[in-house]
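K.L.:
For what it's worth, our numbering labels the leading residue of the sequence shown as 1, then goes sequentially. Ideal placement from N, C-alpha and C gives every residue a C-beta, glycine not left out. Keep in mind it's a predicted model, so treat the numbers as computed, not measured. What follows is a structure written as structure tokens; I'll ask about it next.
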Amino acid sequence: MKADNIKEIVKSRYAKVALDNMPCCGTRKSCCGSSDAEDLSKKVGYSDKDLNSVPEGANLGLGCGNPVALASLKEGDVVLDLGSGAGFDAFLAAPKVGPAGKIIGVDMTQEMVEKAKANAVKGGFKNVEFRLGEIENLPVSGSEVDVIISNCVINLSPEKGKVFKEAFRVLKPGGRLMVSDLVLLKALPEAVRQSVEAYVGCIAGAVMKDEYLAAITAAGFRDLKVVGEDVYPIELAVNDPVAKAIFSDAGVISDHAKEISGSVASIKVSAIKPN
Numbered sequence: 001m002k003a004d005n006i007k008e009i010v011k012s013r014y015a016k017v018a019l020d021n022m023p024c025c026g027t028r029k030s031c032c033g034s035s036d037a038e039d040l041s042k043k044v045g046y047s048d049k050d051l052n053s054v055p056e057g058a059n060l061g062l063g064c065g066n067p068v069a070l071a072s073l074k075e076g077d078v079v080l081d082l083g084s085g086a087g088f089d090a091f092l093a094a095p096k097v098g099p100a101g102k103i104i105g106v107d108m109t110q111e112m113v114e115k116a117k118a119n120a121v122k123g124g125f126k127n128v129e130f131r132l133g134e135i136e137n138l139p140v141s142g143s144e145v146d147v148i149i150s151n152c153v154i155n156l157s158p159e160k161g162k163v164f165k166e167a168f169r170v171l172k173p174g175g176r177l178m179v180s181d182l183v184l185l186k187a188l189p190e191a192v193r194q195s196v197e198a199y200v201g202c203i204a205g206a207v208m209k210d211e212y213l214a215a216i217t218a219a220g221f222r223d224l225k226v227v228g229e230d231v232y233p234i235e236l237a238v239n240d241p242v243a244k245a246i247f248s249d250a251g252v253i254s255d256h257a258k259e260i261s262g263s264v265a266s267i268k269v270s271a272i273k274p275n
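And the structure:
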């Protein structure tokens with residue numbers, strides 16, 4: 001599948017999440033009847049305090065970690081969130097950098113950007129802005145940001161090396177990268193790797209762990225560290241609002257469930273742009 005085709009498919013599916021996954025009846029569950037986003041988020045590292053500190057509708061339960069908790073943000077930092085979605089991690093980062101700092105969220109889906117902007121207004125966040133753009137071609141100036149965070153987004157890109165080169169470009173010298181993402185510990189069955197649904201659900205888009213880390217180093221980053229790693233339960237990877245349809249694809253997941261189990265890991269990676 002060509003990179004442009006993958007991007008359009010991902011954009012289309014996440015637009016649907018932004019439009020359909022609005023909070024209903026005063027609850028934090030989605031209107032489309034998917035799993036509770038709060039439960040999913042707790043399983044990947046968010047606290048009740050985190051979940052209660054963001055505007056209603058900001059957490060769509062799409063992450064695979066909590067990069068903000070590991071990013072060591074400080075007052076005055078300019079932070080870039082790659083694939084910011086409805087703004088969940090951006091809003092968690094905002095109070096840590098304070099009014100002297102700034103959070104920039106970039107997402108390629110217009111509907112997500114609009115949802116995030118509405119959430120920022122609803123939550124009274126003055127130091128957060130959201131920009132429409134691709135993480136392979138960031139709408140951010142060179143050496144503009146102090147810290148980059150990302151949560152289960154880079155695995156969706158068919159051009160991961162380009163993403164990390166762009167991240168390197170926009171970071172200030174001495175700037176930090178802190179991402180949570182999905183990687184492979186063993187190869188996926190070919191049928192799963194070719195599945196559109198599996199790709200959008202972050203599974204088929206994942207690459208081998210060594211390949212992922214090598215792309216970060218090749219972009220110029222140093223002091224690369226894997227600060228956390230857990231085998232990612234396949235039911236979480238397919239339980240988010242976008243990927244739920246995977247389980248209904250008997251020709252993909254059901255036939256290969258045992259092979260996939262233990263193949264996917266959630267890793268937390270930090271790296272530095274040299275001075």
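Assuming residue 125 and residue 105 make a contact with CB atoms under 8 Å, what is their CB distance in whole Å?
P.N.:
With a Cβ gap of about 11 Å, residue 125 and residue 105 do not count as contacting.
K.L.:
With a floor of 4 residues, list each alpha helix (DSSP H) that falls wholly inside the region 60-147, ordered by position along the chain.
P.N.:
67-70, 88-97, 110-123
K.L.:
Kindly indicate which three-state DSSP category residue 301 falls into: helix, strand or coil?
P.N.:
The chain is shown only over 1 to 275; residue 301 falls outside these bounds and no answer can be derived.
K.L.:
For residue 177, name the three-state secondary structure that DSSP assigns.
P.N.:
strand
K.L.:
I need the boundaries of the beta strand (DSSP E) containing residue 264, first residue and last residue.
P.N.:
264-272
K.L.:
Could you give the residue range of the beta strand (DSSP E) that holds residue 227?
P.N.:
Its beta strand (DSSP E) spans residues 222-231.
K.L.:
Check the C-beta distance from residue 178 over to residue 67 and give it rounded, since I have them as a contact under 8 Å.
P.N.:
5 Å
K.L.:
Per the contact definition of three or more C-beta pairs closer than 8 Å, is the region 109-117 in contact with the region 162-179?
P.N.:
no
K.L.:
Exposed or buried, residue 132, counting other C-beta atoms within 10 Å across all chains shown (16 or more means buried)?
P.N.:
exposed
K.L.:
Looking at the secondary structure, which residues open and close the alpha helix (DSSP H) in which residue 52 lies?
P.N.:
48-52
K.L.:
Can you list, in chain order, the residues of its chain with a C-beta nearer than 6 Å to that of residue 122? Leave out the 5 residues immediately preceding and following it.
P.N.:
The residues are 55.
K.L.:
To the nearest angstrom, report how far apart residue 317 and residue 147 are at their CA atoms.
P.N.:
Any answer about residue 317 is impossible in this case: the structure gives the chain only from 1 up to 275.
K.L.:
Who does residue 183 pair with in a DSSP beta bridge?
P.N.:
According to DSSP, which records beta bridges pairwise, residue 183 is partnered with 265.
K.L.:
In chain order, what residues of the same chain lie with their CB nearer than 7 Å to the CB of residue 232, ignoring the 5 residues before and after it?
P.N.:
Counting only Cβ-Cβ distances below 7 Å, and skipping sequence neighbours, we find 64, 182, 264, 265, 266.
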